[in-house]
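Take the sequence shown: its position 5, counting from 1, is numbered 48 in this note's numbering, and each next residue is one higher. We put the CB at the ideal spot given by N, CA and C, even for glycine. The structure displayed is predicted, hence computed values, not measured ones. Down below is the structure, laid out as structure tokens.
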Amino acid sequence: MSTDVCVESTTRDAYFLDYYVTVVADCCGAAREQYHRDALARFERDYGGVTTSAEVIGAWERLHAPGSPAASGTRSPA
Numbered sequence: 044m045s046t047d048v049c050v051e052s053t054t055r056d057a058y059f060l061d062y063y064v065t066v067v068a069d070c071c072g073a074a075r076e077q078y079h080r081d082a083l084a085r086f087e088r089d090y091g092g093v094t095t096s097a098e099v100i101g102a103w104e105r106l107h108a109p110g111s112p113a114a115s116g117t118r119s120p121a
């Protein structure tokens, strides 16, 4: 996924449709590292959050940890 083209365009559209959008920075890239960094900076400044895959995985693990409010209301996959 090209951060400076596909990701930036899609997240901008989602933002204008009132979605809360977060870009997972290490799951996309661009032809040049500078394009990637510039797109992430524009996105974070104007549209939403930028995070890493490790932070997303950590959040999911905490969300589904035994005793968490979300875990008590979820079902195991069938």
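Check: T53 by DSSP, collapsed to three states: which one?; Outcome: helix
Check: Can you check which of these residues, Y63, A82, V64, T65, is closest to G72 by C-alpha distance?; Outcome: A82
Check: Applying the 10 Å Cβ sphere with the 16-neighbour rule, what's the burial state of Y90?; Outcome: buried
Check: Start and end of the beta strand (DSSP E) containing V93?; Outcome: 92-94
Check: Using a Cβ-Cβ cutoff of less than 6 Å, which residues in the same chain neighbour S96 once the five nearest sequence positions on both sides are dropped?; Outcome: V67, D69, C70
Check: What's the C-alpha gap between G101 and T94?; Outcome: 11 Å
Check: Can you give the beta carbon distance from T53 to H79, rounded, assuming they're within the 8 Å contact cut?; Outcome: In fact, because the Cβ distance is near 15 Å, the residues do not count as touching under 8 Å.
Check: From the DSSP output, in three-state form, read off G72 for me.; Outcome: strand
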